[in-house]
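All letters in the first sequence, in the order written, are residues 303 to 725 by this note's numbering.
We treat Cβ as the ideally placed atom computed from N, Cα and C, and that holds for glycine.
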Amino acid sequence: MLEFDILKKDSKTNARAGVLKTPHGIIETPSYVVVGTHGAVRCLNSEDIPRTLTQLIISNTYHLWRTFEHEPRPAYRLVGRSGPLGQVLPSHPVHGAGLDKLNNLPDLHDYMWPGPIMTDSGGFQVFSLGFGREHGMGKFGGIDSRKDDISLKSEKNLVRVTEDGARFNDNYGESYLDAETSVKIQEKLGADIIVAFDEPTSPRHDYAYTKKSLERTHKWALRSLAARTRKDQAMYGVVQGGAFRDLRETSAKFIGAQPFEGFAIGGSYGESMGAPREQMLSVIRWSAAHLPEEKPRHLLGIGRIEDVFDAVELGMDTFDCVIPTREARHGSLWTKFGRFDIKKGVWQGSHMKIQSGCSCPVCSEMKLTRGKLRELFKAKDLNAGRLATIHNIFFFNDLLEKIRTSIKEGRFSEFKKEFSANL
RNA sequence: GCGCCGGUCGGAUAGCGGCUAUUCCAGGGGACUGUAAAUCCCCGGCCCUACGGGCACCGAAGGUUCGAGUCCUUCCCGGCGCA
303 MLEFDILKKD
313 SKTNARAGVL
323 KTPHGIIETP
333 SYVVVGTHGA
343 VRCLNSEDIP
353 RTLTQLIISN
363 TYHLWRTFEH
373 EPRPAYRLVG
383 RSGPLGQVLP
393 SHPVHGAGLD
403 KLNNLPDLHD
413 YMWPGPIMTD
423 SGGFQVFSLG
433 FGREHGMGKF
443 GGIDSRKDDI
453 SLKSEKNLVR
463 VTEDGARFND
473 NYGESYLDAE
483 TSVKIQEKLG
493 ADIIVAFDEP
503 TSPRHDYAYT
513 KKSLERTHKW
523 ALRSLAARTR
533 KDQAMYGVVQ
543 GGAFRDLRET
553 SAKFIGAQPF
563 EGFAIGGSYG
573 ESMGAPREQM
583 LSVIRWSAAH
593 LPEEKPRHLL
603 GIGRIEDVFD
613 AVELGMDTFD
623 CVIPTREARH
633 GSLWTKFGRF
643 DIKKGVWQGS
653 HMKIQSGCSC
663 PVCSEMKLTR
673 GKLRELFKAK
683 DLNAGRLATI
693 HNIFFFNDLL
703 EKIRTSIKEG
713 RFSEFKKEFS
723 ANL
């Protein structure tokens, strides 16, 4: 169901280049994993995805389960079917809702794209809708970046975690998710790689809570394994333990010893115990050291370029992150010299390409200028987000391809240094 | 010339006697890390001993009032109508 071959190990670092084989295609690693939470990469059509060098997409158990239960058509497929680049045809209805929640869930390979897919367990929502909100913590940085006003940082905790699972109270009402339900949903969604149900802890949780939560996550991991009925899906176990070294090591040893086909490192990195970034790198170091070397390792939710370079260096194989897609929608376009905001006045009427020499379809086929893209953003044209998203995803995937090549050619460290210098 | 209507931050707006003048757009700045995010936050007249404070301000000038963008008078400007 999942084969992983390491083709080359870097001599100076723990970086490795490999191939991950799934029933729906192969993934060369290290690889970026594009986020398609609701069963669609936001702003893109199924036809756009193959043009972005994408190898693997991650969708979310919680969101798909909740939206398919309540909405006939998840809102994020509104862009429509694509025609030639630059055109959007009227959207087509996507039917899903009915009476039986689980029966309505689509197989993501039919619904989203036919290539390799992974699904997250919904575990992150236990945190992000729960203590994440209560503590004003996001995935990274320790605060909700959307709010400058400190009084607004803390919001209502919408989750109640018990030993058995998590009770949610979101916009749709109440719901309950546990390891068995998550696996059942993930089996219905049919991804090539599914993830064990876990509880990420907040950086503001103390040692005692983090330890207790970790024990729960381990229990849920075993239950997730036991709940499996399909033989064609791989399952990744998740290492937790906050920023506590002994807990991370314990977790990596425990999870690493279970019959998972791969492993993931999860968590939220905040300011409580030193700089968030250093904290994350330590966590990867502590965890990776105790995971079986021959199996694939995924870093959950991490995604800035510098983070990817460091994570690759520490032996991680795949990374998923909303940065390329979200920033694209928000007007941040990536180039090898860093990112720029396409909405700024300086780009009005500009004849410059997004990035000269870029071989993404938007730059090389459409030859879209910054001025034109800015115009689309200003007009709130749906193609603005779409074209920006295509460019950004291509940029990240292309970068990872270069990283792979550099590892295979034994010059990863040099490439990292060289590329980082321009950012 | 007469009569109506109107002049509020770059544009458009709210405000109908009560303390720091509203909102939207445009403009400037910033954020975004297993997506309740095609989103959110900040700035936007002048001055200062600048995480605070002072002074202005609603076409202009007077007036009424404890208090006026808001009421009155005159003037200026714009639109419409009538001569």
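Check whether residue i and residue j have beta carbons under 7 Å apart
{"i": "residue 499", "j": "residue 423", "result": "yes"}
{"i": "residue 481", "j": "residue 553", "result": "no"}
{"i": "residue 418", "j": "residue 494", "result": "yes"}
{"i": "residue 338", "j": "residue 414", "result": "yes"}
{"i": "residue 644", "j": "residue 679", "result": "yes"}
{"i": "residue 583", "j": "residue 565", "result": "no"}
{"i": "residue 649", "j": "residue 672", "result": "yes"}
{"i": "residue 616", "j": "residue 590", "result": "yes"}
{"i": "residue 436", "j": "residue 459", "result": "yes"}
{"i": "residue 714", "j": "residue 342", "result": "no"}
{"i": "residue 662", "j": "residue 632", "result": "no"}
{"i": "residue 588", "j": "residue 487", "result": "no"}
{"i": "residue 669", "j": "residue 319", "result": "no"}
{"i": "residue 696", "j": "residue 354", "result": "yes"}
{"i": "residue 550", "j": "residue 585", "result": "yes"}
{"i": "residue 724", "j": "residue 611", "result": "no"}
{"i": "residue 702", "j": "residue 664", "result": "no"}
{"i": "residue 691", "j": "residue 627", "result": "yes"}
{"i": "residue 340", "j": "residue 474", "result": "no"}
{"i": "residue 705", "j": "residue 614", "result": "yes"}
{"i": "residue 370", "j": "residue 406", "result": "yes"}
Distance between beta carbons of residue j and residue i, contact taken as under 8 Å
{"i": "residue 571", "j": "residue 442", "result": "5 Å"}
{"i": "residue 328", "j": "residue 335", "result": "The pair is not a contact, with the Cβ atoms about 14 Å apart (cut-off 8 Å)."}
{"i": "residue 625", "j": "residue 606", "result": "6 Å"}
{"i": "residue 361", "j": "residue 491", "result": "7 Å"}
{"i": "residue 568", "j": "residue 630", "result": "Not confirmed; about 25 Å, so no contact."}
{"i": "residue 416", "j": "residue 326", "result": "6 Å"}
{"i": "residue 324", "j": "residue 304", "result": "6 Å"}
{"i": "residue 512", "j": "residue 544", "result": "4 Å"}
{"i": "residue 515", "j": "residue 501", "result": "5 Å"}
{"i": "residue 666", "j": "residue 660", "result": "7 Å"}
{"i": "residue 504", "j": "residue 433", "result": "4 Å"}
{"i": "residue 520", "j": "residue 556", "result": "5 Å"}
{"i": "residue 597", "j": "residue 563", "result": "7 Å"}
{"i": "residue 656", "j": "residue 684", "result": "Actually they are not in contact, since the Cβ atoms of residue 656 and residue 684 sit about 18 Å apart, beyond 8 Å."}
{"i": "residue 722", "j": "residue 608", "result": "7 Å"}
{"i": "residue 358", "j": "residue 420", "result": "6 Å"}
Residue(s) in a DSSP beta bridge with residue i
{"i": "residue 290", "result": "Any question about residue 290 goes unanswered here, given that the chain covers just 303 to 725."}
{"i": "residue 538", "result": "497 and 564"}
{"i": "residue 571", "result": "442"}
{"i": "residue 417", "result": "None, per the DSSP bridge assignment."}
{"i": "residue 362", "result": "422"}
{"i": "residue 600", "result": "566 and 620"}
{"i": "residue 671", "result": "655"}
{"i": "residue 330", "result": "321"}
{"i": "residue 461", "result": "470"}
The beta strand (DSSP E) enclosing residue i, as first and last residue numbers
{"i": "residue 636", "result": "634-637"}
{"i": "residue 306", "result": "305-311"}
{"i": "residue 336", "result": "333-337"}
{"i": "residue 806", "result": "Here the chain covers residues 303 to 725 and nothing more, so residue 806 does not appear."}
{"i": "residue 320", "result": "318-324"}
{"i": "residue 547", "result": "That residue, residue 547, is in no beta strand (DSSP E); its alpha helix (DSSP H) goes 547-558."}
Continuous alpha helix (DSSP H) stretch holding residue i: start and end
{"i": "residue 706", "result": "684-710"}
{"i": "residue 592", "result": "Careful: residue 592 lies outside any alpha helix (DSSP H) and carries neither H nor E."}
{"i": "residue 610", "result": "607-615"}
{"i": "residue 340", "result": "Premise fails: residue 340 is in no alpha helix (DSSP H) and is neither H nor E."}
{"i": "residue 720", "result": "714-724"}
{"i": "residue 434", "result": "434-437"}
Residue i: CB within 6 Å of a non-hydrogen atom of the ligand GTP
{"i": "residue 469", "result": "In the structure shown, the ligand GTP is absent, as is every other ligand, since no ligand is present at all."}
Subject >> Uninterrupted beta strand (DSSP E) stretches inside the segment 619-663 (no shorter than 3 residues) >> reply: 620-623, 634-637 and 640-643
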